[in-house]
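Some notes on the structure that comes next.
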Ligand code: KIV
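Residue numbers (this note's numbering): 200 to 483.
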């Protein structure tokens with residue numbers, strides 16, 4: 200059997216120190232996670248973006264801890280090497296430290312290697328510090344934070360001025376001091392993300408944050424061209440799965456309706472002897 204060395208938070212830290220880019224993709228199911236892992240992607244995020252890509256919601260705020268547990272389990276079942284990060288959904292870490300610990304603990308106990316939380320308010324910093332003291336890896340998430348969509352009021356680039364970049368760096372440094380092992384930076388100007396990345400010890404993983412972050416993350420449905428909704432500017436679509444799926448489904452539908460499928464190779468047959476007995480009995 201092949202000896203697979205799993206990626207850990209320490210590996211990610213070393214990659215930053217050695218200027219090696221970190222790759223991350225989202226996954227929500229067993230087979231996709233398995234392929235991503237086999238392709239050598241370093242980290243897999245079970246993102247609460249599954250609210251949109253899998254469950255068809257308009258935002259991530261409707262995703263529950265039960266949803267995250269189901270899909271995180273499916274992903275961890277398919278992974279041998281990649282570092283699996285599970286999103287803590289909206290309000291699953293905001294009520295009390297105890298509730299945050301119980302929810303994070305459930306995600307870790309089903310195989311996630313880290314949890315990701317959005318924001319850096321004093322309350323969140325306190326939670327991050329508590330979770331890391333419990334032995335739970337935490338990934339931070341700053342810039343555009345989708346769980347705050349209702350208070351942000353739209354999908355806007357964050358840190359667009361010198362002052363706002365400094366504010367983001369200050370928030371990132373607080374998260375770093377509280378113990379995060381990596382930081383996702385979403386929809387931040389490239390220059391701001393570069394400045395923040397250079398001034399942090401922990402690796403940054405960017406999405407819509409330019410090329411100078413220590414790693415990159417994208418949503419799997421976006422890069423495969425599967426999601427039916429709007430695809431953001433920062434995405435590169437590497438395949439057109441939507442069209443491949445539609446063409447296969449159309450062909451299947453037509454072949455069944457026209458009595459073509461199943462073909463000879465798709466059916467089970469009786470032996471000639473059993474068949475003749477059946478035919479004999481049928482004519483009796
Ligand atoms: O939920 C998600 O997929 C994310 C990424 C956009 C970073 O948080």
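For glycine and all other residues, C-beta sits at the position ideal for the given N, C-alpha and C. Quantities reported herein were computed from a predicted structural model and do not represent experimental measurements.
Counting only residues of its own chain and dropping the five nearest sequence neighbours on each side, residue 330 has a CB closer than 6 Å to the CB of 303, 337. Here the C-alpha atom of residue 250 lies approximately 19 Å from the C-alpha atom of residue 275. Pairing residue 300 with residue 256, the inter-Cα distance amounts to about 27 Å. Beta-bridge partners of residue 385 (DSSP): 342, 406. Exclusion of residue 314 from the 7 Å shell around the ligand KIV follows from its C-beta lying no nearer than that to any non-hydrogen atom of the ligand.
Exposed is the label assigned to residue 455, since fewer than 16 other Cβ atoms lie within 10 Å of its Cβ. Residue selection by CB proximity (closer than 7 Å to any heavy atom of the ligand KIV) returns 225, 244, 246, 247, 248, 259, 286, 315, 340, 345, 383, 385, 406, 416, 418 in chain order. For residue 227, the CB contacts under 6 Å within the same chain, skipping 5 residues up- and downstream, are 249, 253, 270 in chain order.
When DSSP states are grouped into helix, strand and coil, residue 332 belongs to the helix group.
Per DSSP, residue 203 lies in no alpha helix (DSSP H) and is assigned neither H nor E. Ranking 234, 218, 213 by CA distance to the CA of residue 423 puts 234 first. Residue 241 and residue 281 have their alpha carbons spaced roughly 5 Å apart. The three-state reading of DSSP puts residue 353 in coil, since its state is none of H, G, I, E or B. In this structure, residue 326 keeps its C-beta atom at 8 Å or more from the C-beta atom of residue 307. Boundaries of the alpha helix (DSSP H) harbouring residue 301: 296–308, taken from the DSSP string.
Beta-bridge annotation (DSSP): residue 445 is not paired with any residue.
DSSP, read as helix, strand or coil, puts residue 455 in helix. Just so you know, the alpha carbons of residue 409 and residue 400 end up roughly 19 Å apart.
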